[in-house]
Amino acid sequence: MIDLVVKDLYDSQSSIMRKAFATFCTQAAKVLSFKCCKEHFLEPYSHLSEDKLVDVKVHFLNSIVDVRPYLELDIDLILKFNNNLTLLRIDENRKISDTALEVDMKLLKLKDTKKVTEKIEKDKLDFEDA
């Protein structure tokens, strides 16, 4: 079944199906185990950054914001996705490079928000312990 999803969506000649694969991976990251996602979907998902069509790359970029938080368990994957994002930020197509920059800013904002939330939680625990 998993191979069928990858074959019918990712390997499709249709850009709509490849964009659907990015959306599928976004939702799969939320409900499937990290191991399952990594084993079956993240490799082809990351290759969407190399798609020949601008719309597929832009859709992939926008989906990274939702997928990236689920990659925290694997530093190699984080580096791979950061590398993909960096390459797309310097893409010659303005729509791709602008979207990549916007996504990068969103990810930085999420990271900052996470740090603030973690600090608030730590402060709460410190206060309760006192």
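Numbering (our numbering), first residue to last: 8 to 137. Here a beta-carbon is modelled for each residue, glycine too, at the ideal position from N, C-alpha and C.
Residue closest to residue i, alpha-carbon to alpha-carbon, out of the options
i, options, result
"residue 60", "39, 23, 108, 84", "23"
"residue 100", "37, 62, 19", "62"
"residue 30", "94, 48, 43", "48"
"residue 113", "12, 11, 80, 70", "70"
"residue 42", "81, 110, 94, 115", "81"
Same chain, Cβ closer than 7 Å to residue i, five either side skipped, listed in chain order
i, result
"residue 78", "84, 85, 88"
"residue 102", "61, 65"
"residue 108", "96"
Coil, strand or helix - residue i by DSSP
i, result
"residue 88", "helix"
"residue 112", "helix"
"residue 104", "helix"
"residue 147", "As displayed, the chain neither begins before 8 nor continues past 137, which places residue 147 out of reach and without an answer."
Same chain, Cβ closer than 6 Å to residue i, five either side skipped, listed in chain order
i, result
"residue 73", "33"
"residue 106", "65, 68"
"residue 194", "Beyond the ends of the chain as shown, which are 8 and 137, falls residue 194; an answer cannot be given."
"residue 1", "Any question about residue 1 goes unanswered here, given that the chain covers just 8 to 137."
"residue 36", "44, 74, 77"
"residue 9", "47"
"residue 39", "none"
Spatial neighbours of residue i in its chain, beta-carbon cut-off 8 Å, leaving aside the 5 residues before and after
i, result
"residue 117", "72, 75, 76"
"residue 94", "56"
"residue 13", "28, 47, 48, 51"
Any alpha helix (DSSP H) of 4 or more consecutive residues that is wholly inside the stretch 21-102:
Complete alpha helix (DSSP H) runs here, min 4: 22-38, 41-47, 49-54, 61-74, 82-96.
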